[in-house]
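Structure first, commentary second.
In the numbering used here, the protein residues as written are 597 to 960.
This is the structure we're talking about:
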């Protein structure tokens, strides 16, 4: 099957020509007889708490199908269901109910955002359910279902023991909801933390003499950073500074709440009531509580700040795939899985494929 596009994003560069797909894989790029629009790798979202009215902490297979299909319509072909701080029983239940696949978008594994977070930077997480680093608890969580990422506060006593366990099991370890100083952050990075959750949100503020986690991560070449570019969580100029400093190490994420894809209204996230108004989602005390963002909107927002379209699309695909330890995803190359999003000239989604199967749209 040919996609009928005029160009494809290959290793961060637009290659003129059409793309052919067969048997679930990319066959060729740069074919003559091209059509219109561009093909990009399907988006990879590392932080999806909920979507389309569904709270992934408290749903069933039907809810996952609703989320998976709704994500496809926004160009996301792979994601990490993200579970916020909650009682152990609720986390274990959420992990048990997480499907391995068959819901539309690929499930990469769970992102455990807690409970080993700083009480000073809890954000919308319920402080009553935060926990000091507990290796036995961590092992109980990891033994239930595949976990692909864990966010923790590296400055907490005992955190490095958890980092060692996570690294040994092949889980991506991220610093987030943290009050760590730059020195504490560097110790964590040296120990095996490879990324930062929602850069500049729920972390110690940086100053010229106390750069904290955010700038410590940007100062290194071996740490990837994740950012919510809805232009509410992080100011445009801050996004530009982070982008220029990261040098291709910035992954777009949504931190999507159940409000994403639904418009304004009241929803539930991890047992706590949240409200979406004018595209901003807040918790009961007025703090930010995830977002209503989609990955295609994040791409458009980043592009609107002067970032090239090629780079913005790469930040939504290849870079987050790298964070997740899935180099097979987020790329268009012969032999790679045919997870593809086709965009028209207005950056509207025309077609989405997963494993070479058309799941959204199609050419008329």
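Note that beta-carbon positions come from the ideal geometry of N, C-alpha and C, so glycine has one too. Keep in mind the model is a prediction, meaning the values are calculated, not measured.
Applying the criterion that 16 or more other CB atoms from any shown protein chain within 10 Å of the CB defines a buried residue, is residue i buried or exposed?
i           : result
residue 953 : exposed
residue 881 : exposed
residue 731 : exposed
residue 944 : exposed
residue 764 : exposed
residue 843 : exposed
residue 609 : exposed
residue 651 : buried
residue 658 : exposed
residue 893 : buried
residue 770 : buried
residue 840 : exposed
residue 931 : exposed
residue 628 : exposed
residue 866 : buried
residue 874 : exposed
residue 886 : buried
Output needed for residue i: all residues of its chain with C-beta closer than 6 Å, excluding positions within five of it in sequence on either side, in chain order.
i           : result
residue 961 : Nothing about residue 961 can be read from this structure; the chain reaches only from 597 to 960.
residue 960 : Confidence at residue 960 is low in this model, with a pLDDT of 40, below 50, so its placement is unreliable and no value can be given for it.
residue 630 : 602, 613, 614
residue 828 : 876
residue 832 : 901
residue 988 : Absent from the model: residue 988. The displayed extent of the chain is 597 to 960, so no value can be given.
residue 946 : 633, 938, 940, 957
residue 863 : 854, 855, 870
residue 966 : Residue 966 cannot be examined here, being either before or after the span of the chain that is shown, 597 to 960.
residue 723 : 715
residue 778 : 807, 808, 812
Give the single residue among the options whose Cα lies nearest to the Cα of residue i.
i           : options            : result
residue 830 : 731, 924, 884, 855 : 884
residue 632 : 600, 647, 649      : 600
residue 622 : 950, 838, 920, 854 : 950
residue 861 : 888, 725, 833      : 888
residue 786 : 712, 813, 801      : 813
residue 780 : 806, 763, 642      : 806
residue 909 : 638, 853, 946, 740 : 638
residue 705 : 641, 937, 792      : 641
residue 755 : 765, 789, 766      : 789
residue 728 : 719, 708, 714      : 714
residue 956 : 634, 673, 660, 658 : 673
residue 688 : 700, 723, 708, 914 : 708
residue 677 : 853, 869, 906      : 853
residue 834 : 898, 717, 657      : 898
residue 773 : 850, 815, 803, 799 : 799
residue 671 : 867, 849, 878      : 849
residue 662 : 700, 784, 912      : 700
Return the chain-ordered list of same chain residues with a C-beta closer than 8 Å to the C-beta of residue i, the five sequence neighbours on each side being excluded.
i           : result
residue 597 : 616, 617, 618, 952
residue 928 : 604, 605, 606, 615, 622, 625, 635, 636, 637, 936
residue 836 : 901, 902
residue 740 : 688, 691, 692
residue 801 : 808
residue 794 : 643, 772, 822, 823, 824, 829, 849, 851
residue 922 : 640, 674, 704
Looking at the unbroken beta strand (DSSP E) that takes in residue i, where does it start and where does it end?
i           : result
residue 863 : 861 to 865
residue 949 : 945 to 950
residue 712 : Careful: residue 712 lies outside any beta strand (DSSP E) and carries neither H nor E.
residue 873 : 868 to 873
residue 771 : 768 to 771
residue 614 : 614 to 618
residue 624 : 621 to 627
residue 747 : 743 to 748
Taking the alpha helix (DSSP H) that residue i falls in, what are its first and last residues?
i           : result
residue 730 : Segment: none, residue 730 is in no alpha helix (DSSP H) and carries neither H nor E.
residue 659 : 657 to 668
residue 918 : 914 to 919
residue 641 : Here residue 641 belongs to no alpha helix (DSSP H); instead the beta strand (DSSP E) covers 639 to 644.
residue 891 : 891 to 900
residue 961 : Because the chain spans 597 through 960 in this model, residue 961 falls outside it and cannot be assessed.
residue 679 : Not the alpha helix (DSSP H): residue 679 falls in the beta strand (DSSP E), residues 672 to 680.
residue 692 : 684 to 693
residue 905 : 905 to 911
residue 758 : 755 to 764
Can you list, in chain order, the residues of its chain with a C-beta nearer than 7 Å to that of residue i? Leave out the 5 residues immediately preceding and following it.
i           : result
residue 933 : 620, 621, 924, 925, 951
residue 896 : 943
residue 725 : 681, 682, 683, 711
residue 820 : 790, 791, 845, 847, 915, 918, 919
residue 695 : 657, 660, 703
residue 611 : 603, 604, 625, 626
residue 716 : 775
residue 758 : 712, 729, 731, 734, 748
residue 721 : 680, 681, 710, 713, 773
Can you confirm whether residue i, when its beta carbon is compared against all beta carbons of chain D, has any partner nearer than 8 Å?
i           : result
residue 808 : The chain inventory of the structure shown lacks chain D, comprising one protein chain alone.
Got a sec: does the ligand ADP put a non-hydrogen atom nearer than 7 Å to the Cβ of residue i?
i           : result
residue 816 : With respect to the ligand ADP, the structure offers nothing, as it holds no ligand at all.
Query raised in the report: Residue ranges of each alpha helix (DSSP H) run of no fewer than 4 residues wholly in the region 788 to 857, ordered along the chain?
Result: Given a length threshold of 4 residues, each whole run of the alpha helix (DSSP H) inside the region 788 to 857 is given here in chain order: 808 to 814, 832 to 842.
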